[in-house]
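To start, the structure under review is shown below, and the notes come after it.
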Amino acid sequence: MLLRNKKILLGITGSIAAYKSILLIRLLVKAGAEVKVIMTAAAKNFVSPLVISTLSKNKVYIDWQDNHEWNNHVELGRWADVFLIAPLSCNTLAKMANGNCDNLLLAVYLSATCPVAVAPAMDEDMWHHPSAKKNIAQIKEFGINVMQVANGELASGLFGEGRMAEPEDIFNFLVENYFRSTILKGKKVLVSAGPTYEAIDPVRFIGNRSSGKMGFAIAKTFYLQGADVVLVTGPTHETVSYNGIKIIHVESANDMFDACTTNIDANIIVMCAAVADYTPAVVADQKIKKQDDLFQLSLAKTKDVLKYLGSIKKQGQYLAGFALETENELANATKKLKEKNADCIILNSLNDEGAGFTKDTNKISIINAKETVSFELSSKKEAAENIVEYIINQVAK
Ligand code: CTP
10 MLLRNKKILL
20 GITGSIAAYK
30 SILLIRLLVK
40 AGAEVKVIMT
50 AAAKNFVSPL
60 VISTLSKNKV
70 YIDWQDNHEW
80 NNHVELGRWA
90 DVFLIAPLSC
100 NTLAKMANGN
110 CDNLLLAVYL
120 SATCPVAVAP
130 AMDEDMWHHP
140 SAKKNIAQIK
150 EFGINVMQVA
160 NGELASGLFG
170 EGRMAEPEDI
180 FNFLVENYFR
190 STILKGKKVL
200 VSAGPTYEAI
210 DPVRFIGNRS
220 SGKMGFAIAK
230 TFYLQGADVV
240 LVTGPTHETV
250 SYNGIKIIHV
260 ESANDMFDAC
270 TTNIDANIIV
280 MCAAVADYTP
290 AVVADQKIKK
300 QDDLFQLSLA
310 KTKDVLKYLG
320 SIKKQGQYLA
330 GFALETENEL
340 ANATKKLKEK
350 NADCIILNSL
360 NDEGAGFTKD
370 TNKISIINAK
380 ETVSFELSSK
390 KEAAENIVEY
400 IINQVAK
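Each residue of the sequence shown is one higher than the last, beginning at 10 in this note's numbering.
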């Protein structure tokens, strides 16, 4: 579990966006985190402490004392790995910027030894008021990590800036900023993903069914292991959930070659893209008109990115490729391993149910010069974890 044994202290202030904190708590607890919550008195008007304590599986802290027992604000800030205030209201923001201490949440903030992050929530005009701007600048100067507000429908009915980020985005923000592993810290990883589109004329192209899911999952997994990740992707609906992943969007095999070869300084390279092997020899300037019954297209071979990177591979650099096969799987994959000078080939066969392009699952075998390791059918996320773990072990040898 991504957040197993992680301790998150969540502060909830008086804002309509507090309903999103309920969903956030669920995401955090499901990911294995221990969550304790502090609410201001105003927050109680928006969400019930009973709901919060039930979901967080902990008592909720609101006052300085409960039943004549002191709530130790210093202890809470020392217990947590991170203190996140979400939503952060305009009022609490102003108090934080000025060092006020008139409730438990502020006392915890002022004495916290752990990192503090906030997700502001305000109506657009409040968000743009000079005092809010000044206070945000001030708390940033104090070292507080301020999440960007979103643009969209606001409680007032207006549309604009000031919405608190969505729970999934806050979750990813926490993972990215505070809980990445350091195993691959300082290492650069290059991943290619998705299909390529080869233009025929201004409106048509030759493409393939690759969804990009496998490559995106691999890029995310490497990033969570602490690596600096560059993801070169062809056209896809996939998105990256972490701001730190550098994403380069390309369209054709030629673009993919250029983007990958400008990142050859990577320590680990995983070529997962389904690159077109052939591209139209000539791209028509205008839309091709329907004429004869038979239409022929001349195709020219594209540059093989993996093969090129294999031919200039440096000492210590690790190069992995993929092979999607429909027959003679092992023999074909082994041939690719040698011909492309890769350190391993990740093989998936279209003959395996659940494996392949558009699916959410995959069944892989990893082949290197000495052995073949096969894995059970799994989600692409789990397959990515297996691939990354395998590569980390190989690199460490
Ligand atoms: N690859 C590449 N550039 C290309 C073609 C393929 O980088 N122009 C990479 C893929 O990203 C993958 C590996 O080479 O990592 C194998 O791709 P695949 O399409 O399975 O094999 P090909 O070499 O194209 O051979 P064939 O299509 O004949 O199976």
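Idealized CB from N, CA, C, for every residue including glycine.
Bounds of the beta strand (DSSP E) holding A309 are 308-310. Rounded to the nearest whole angstrom, the C-alpha separation of A106 and A146 is 9 Å.
With 16 or more neighbouring CB atoms inside 10 Å of its own CB, H82 falls in the buried class.
Counting only unbroken stretches of 4 or more residues, the alpha helix (DSSP H) elements lying wholly within the segment 273-344 are 314-320, in sequence order. Here Q74 carries a strand assignment [DSSP, helix/strand/coil]. When the five nearest sequence neighbours on each side are left out, the beta carbons in the same chain lying within less than 7 Å of the beta carbon of N109 are those of L115, in order along the chain.
Taking 8 Å as the cut-off, the Cβ atoms of F366 and R218 count as close.
Using a cutoff of 7 Å, the CB of C281 counts as near the ligand CTP, since one of the ligand's heavy atoms is closer than that. The three-state reading of DSSP puts L11 in coil, since its state is none of H, G, I, E or B. Taking the Cβ of G365 as the reference point, every heavy atom of the ligand CTP lies at 7 Å or farther away. Scanning its chain for C-beta atoms nearer than 6 Å, with the 5 sequence neighbours on each side dropped, one finds around Y232 the residues V238, Y251, I254, in chain order.
As summarised for the segment 45-107, the continuous beta strand (DSSP E) elements at least 3 residues long and confined to that stretch are 91-97, given in chain order. Around I227, the same chain offers V200, A202, V279, C281, A393, I396, V397 as residues with beta carbons nearer than 8 Å, after the five sequence neighbours per side are excluded.
Look at the beta carbons and you see the segment 89-101 not touching the segment 60-79: under three pairs across the two are nearer than 8 Å. Remark: the shortest separation between the CB of D313 and any heavy atom of the ligand CTP falls under 7 Å.
Across the set D134, K142, I153, the C-alpha of I153 shows the shortest separation from the C-alpha of T122.
For the 8 Å CB-CB criterion, T335 and I376 do not form a contact.
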